[in-house]
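Since the structure comes first, as structure tokens, the remarks are kept for the end.
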């Protein structure tokens with residue numbers, strides 16, 4: 193289900209990402225959730241939540257964030 197605010201994101205996302213990256217994640221997740229609602233647009237048997245989370249993490253990486261040794265994401 194789409195997220196209304198960053199406070200609604202899963203705990204793992206909130207603790208790993210800085211505030212700006214959380215916004216990137218939320219917006220990408222919500223967009224993907226709407227786009228891939230139709231199962232025909234998804235590959236294999238992945239459910240919409242799996243696809244939306246993959247897209248959201250991809251957006252965080254594309255925005256220039258990298259996971260470091262402390263298991264948190266930092267702007268490159």
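Residue numbers (this note's numbering): 193 to 268.
For glycine and all other residues, C-beta sits at the position ideal for the given N, C-alpha and C.
Helix, strand or coil: which one does DSSP assign to residue i?
i, result
"residue 264", "coil"
"residue 228", "coil"
"residue 217", "helix"
"residue 237", "coil"
First and last residue of the beta strand (DSSP E) that includes residue i?
i, result
"residue 257", "257-259"
Kindly list the residues whose CB is nearer than 7 Å to the CB of residue i, restricted to its own chain and excluding five residues on each side of it in sequence; keep chain order.
i, result
"residue 225", "194, 240 and 244"
"residue 201", "195, 214, 217 and 218"
"residue 258", "265, 266 and 268"
Can you tell me where the alpha helix (DSSP H) with residue i in it begins and where it stops?
i, result
"residue 203", "203-208"
"residue 250", "240-254"
Taking residue i and residue j to be in contact with their CB atoms under 8 Å, please state how far apart those CB atoms are, rounded to whole angstroms.
i, j, result
"residue 251", "residue 220", "3 Å"
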